[in-house]
Amino acid sequence: MALLVPPEVIASLNSRLIWVLVFIAAVVSRIISRRYWTLIRDISGPFWRSFPSLWVVSQLWKGHLEAEQTRLHRKHGYCVRIRDNEVSVSHPDAVRQLLHANIAKFNYIQGTWYAIFSLPDYHYVNQMSEMVPRRHIEEAPYDVDTVLALFTKAIDKYSQAGKPFEFSTWFTFFAFDVLGEVTFSNSFGFVGTGINIGNAIANTRSLALYVAVMDHYTWFHNLTLGNPLLSRLGIQPSSHIFGTCLAAISARKENPEVRKDMMQQWLDTRAKYPGRMAENEIFAAAVANVGADVDTVIAALQSRFYYLLRYPQYLQQLRAELDTAQAQEELTQIVQDNEAQKLPFLQACIKEIYWFQNSVPSPLPRVVPKGGMTIGGRYFPEGVIFSINPWVYHRNPALFGGDCDQFNPDRWLLGDTKTMESFLIHWGAGYNQCPELNLAHFKITKITATLIRDFEFKLTDPKKEWEWTNHFTFVPWGSPCNVRRSF
Ligand code: HEM
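Residue numbering for the sequence shown follows this note's numbering, starting at 8 and increasing by one per position.
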């Protein structure tokens, strides 16, 4: 056979073969060096751990990274290597040393992963995408009651018409409108009109998936949709947020009734300290609020109602507590946080769901600083990325008890609740923890208490479980219910 093939063809085939072999050898040696030529080689994890992001992205794509990570931690312990240079860690030392770090003394940075939150591109560095801890800023105020009053009217229509009510749709409307009130002194009009303006629901879901995956391929994002030139074309999944904010900012300029909303606070900060916030940073902060608020709040509200409806014994107990308070005239038309504080079972349910189904079931990465650090008695060199997934951390039986896979609000009324509370990290922790946790908590408390008191909800199919996928925040759908006004 060889005799039939001319020698120059054989020579050319040989040289191609050599290049193919060289390429394969280079790839294999890179894989081997990533796996073994590193100080974290002894840390167990999934088979694909020595590839950058392959395992993490495949789990994100499947939609349940948190469940796989929990399984691996239960198998391998506090540390699980999930990427070539990333260790998922669930040791309390990690929370103390990484999340609660004193940034004045110890200036480490977050993973580059956060850069993707500069939406739509890197002109707009916001609080979430800022990787240098000292530049994180603070804000405040809220007006939830107006939107909540409208919201109850919308539910009334479902109650009167006997039509199924879909939490995922209406909580999205609610979350967008409250955010509009709080940030721009004006709701976007979702709840009032009952219209999915600008297809916000689908856009929010596709943006969540895009951000979750592109967090791992920021170089690709930079070249494509994150490129400031291309982003001007407005074709990325975040465009609707960008457009929504621009429209809200122009409408706000014409609004004589603006309150001291978040926008005003940023403008004041800028007037007082011109160097502290550039104009595009104000816009970026508004965009960040939409991104950080809407998904987390939808998820948090939906999970509260879903679990209470799935566990009717707890729903009944909560209703009884609210009914008693109502009979004693301790509650106003929209239940206020100070009224809700006096209702222990309501507080227990709210806390249980923060813990059991936290809205951000994803790894929060931090880079080990110069000099390395010791966590759980083991030394890690500079440059290793540590990530703490609040979901995994909360499902640790050593911290929260053997029944930590069960939904059980009573755990917050019995036993050593103070110690358990000190382990909660659903808002993150330390300098980078959610700056709007009060706002979020107030919204969740008011809406849970007011709606459970005023309406009777029942899942249309009590046997059917809801669905959700985890794309940084978790995205739930599919728990329609029947509703009837009860108060
Ligand atoms: C139940 C609702 C919410 C939950 C569970 C939640 C959770 C979190 C978590 C875990 C982080 C920290 C991420 C990290 O360490 O990297 C965070 C950060 C953040 N959240 Fe929230 N959040 C909620 C609602 C909100 C709301 C309503 C807003 C705005 C109106 C908001 C704005 C932000 C911002 C701007 C950051 C970035 C903070 C920084 O990097 O300094 N969040 N949130």
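All residues carry an ideal CB built from backbone N, CA and C; glycine is no exception.
Need the endpoints of the beta strand (DSSP E) that residue i sits in, please.
{"i": "C411", "result": "Premise fails: C411 is in no beta strand (DSSP E) and is neither H nor E."}
{"i": "H107", "result": "Here H107 belongs to no beta strand (DSSP E), and DSSP marks it neither H nor E."}
{"i": "Y386", "result": "R385 to F387"}
{"i": "W177", "result": "Counting along the chain, W177 falls outside any beta strand (DSSP E), though it belongs to the alpha helix (DSSP H) covering F174 to F191."}
{"i": "I341", "result": "Element bounds for I341: n/a, residue is neither H nor E."}
{"i": "L371", "result": "L371 to V374"}
{"i": "E474", "result": "E474 to H478"}
{"i": "T381", "result": "M380 to I382"}
{"i": "V96", "result": "E93 to V96"}
{"i": "V87", "result": "C86 to R90"}
{"i": "R418", "result": "R418 -> no beta strand (DSSP E), and no H or E assigned at all."}
{"i": "N489", "result": "C488 to R492"}
Would you mind reading off the limits of the alpha helix (DSSP H) that contains residue i?
{"i": "R460", "result": "L444 to D461"}
{"i": "H401", "result": "P397 to H401"}
{"i": "H71", "result": "Where H71 is concerned, there is no enclosing alpha helix (DSSP H), given that its DSSP letter is neither H nor E."}
{"i": "S213", "result": "A207 to M221"}
{"i": "R23", "result": "P14 to Y43"}
{"i": "W513", "result": "Outside the shown range of the chain, which is 8 to 494, sits residue 513, and nothing can be said about it."}
{"i": "N296", "result": "E286 to R317"}
{"i": "H228", "result": "T225 to L230"}
{"i": "E359", "result": "P351 to F363"}
{"i": "F158", "result": "D152 to A168"}
{"i": "V198", "result": "F197 to T200"}
{"i": "E428", "result": "T424 to F430"}
Which word fits residue i, buried or exposed, when buried means at least 16 other C-beta atoms lie within 10 angstroms of its C-beta?
{"i": "L236", "result": "exposed"}
{"i": "A147", "result": "Because A147 sits at a pLDDT of 41, beneath the cut-off of 50, its placement in the model cannot be relied upon, and the point is left open."}
{"i": "G379", "result": "exposed"}
{"i": "S22", "result": "exposed"}
{"i": "W413", "result": "A small fix is needed here, since residue 413 is Gln in this sequence, not Trp. It is exposed - the Cβ of Q413 has fewer than 16 other Cβ atoms within 10 Å."}
{"i": "Y43", "result": "exposed"}
{"i": "F494", "result": "exposed"}
{"i": "V490", "result": "buried"}
{"i": "D222", "result": "buried"}
{"i": "A54", "result": "For the sequence presented, residue 54 should be read as Phe rather than Ala. So F54 ends up on the exposed side."}
{"i": "G233", "result": "buried"}
{"i": "N396", "result": "buried"}
{"i": "R48", "result": "exposed"}
{"i": "Q167", "result": "exposed"}
{"i": "N477", "result": "buried"}
{"i": "I31", "result": "exposed"}
{"i": "D275", "result": "exposed"}
{"i": "T251", "result": "buried"}
{"i": "Y280", "result": "exposed"}
{"i": "V374", "result": "buried"}
Smallest Cα separation from residue i: which of the options?
{"i": "W177", "options": "F197, G187 and P469", "result": "F197"}
{"i": "A219", "options": "Q66, S175 and L274", "result": "Q66"}
{"i": "Q104", "options": "I382, L406, L316 and G422", "result": "I382"}
{"i": "M270", "options": "L186, P351 and W419", "result": "L186"}
{"i": "T457", "options": "D423, W273 and R311", "result": "R311"}
{"i": "Y498", "options": "T45, F174, V29 and V87", "result": "Residue numbering for the chain in the displayed model covers 8 to 494; residue 498 lies beyond these limits and cannot be assessed."}
{"i": "N296", "options": "A285, D330 and F249", "result": "F249"}
{"i": "T179", "options": "R492, C488, W484 and V490", "result": "W484"}
{"i": "L329", "options": "Q354, L371 and G408", "result": "Q354"}
{"i": "I255", "options": "Q320, T231 and V294", "result": "Note on identity: in this sequence residue 255 is Ala, with Ile being the wrong assignment. That would be V294, whose Cα lies nearest to the Cα of A255."}
{"i": "R81", "options": "H107, W362, S60 and C411", "result": "C411"}
{"i": "H433", "options": "S366, K465 and E472", "result": "S366"}
{"i": "R212", "options": "G70, E336 and Q272", "result": "G70"}
{"i": "T200", "options": "I162, A209, L216 and H228", "result": "I162"}
{"i": "Q320", "options": "I204, K465 and K349", "result": "K465"}
{"i": "T253", "options": "E286, C441 and F58", "result": "It is Leu, not Thr, that sits at residue 253 in the sequence shown. It is E286 whose Cα lies nearest to the Cα of L253."}
{"i": "P59", "options": "I392, K425, V375 and V399", "result": "I392"}
{"i": "I50", "options": "N345, C86 and L420", "result": "C86"}
{"i": "G384", "options": "P14, G408, F172 and P99", "result": "P99"}
Since I believe residue j is in contact with residue i (beta carbons under 8 Å), could you give me their beta-carbon distance rounded to a whole number of angstroms?
{"i": "S192", "j": "D268", "result": "5 Å"}
{"i": "L325", "j": "A332", "result": "The Cβ separation is near 11 Å, so there is no contact."}
{"i": "W68", "j": "I89", "result": "Actually they are not in contact, since the Cβ atoms of W68 and I89 sit about 15 Å apart, beyond 8 Å."}
{"i": "I341", "j": "D152", "result": "5 Å"}
{"i": "C356", "j": "P416", "result": "5 Å"}
{"i": "L106", "j": "N445", "result": "19 Å between Cβ atoms; not a contact."}
{"i": "D302", "j": "A215", "result": "6 Å"}
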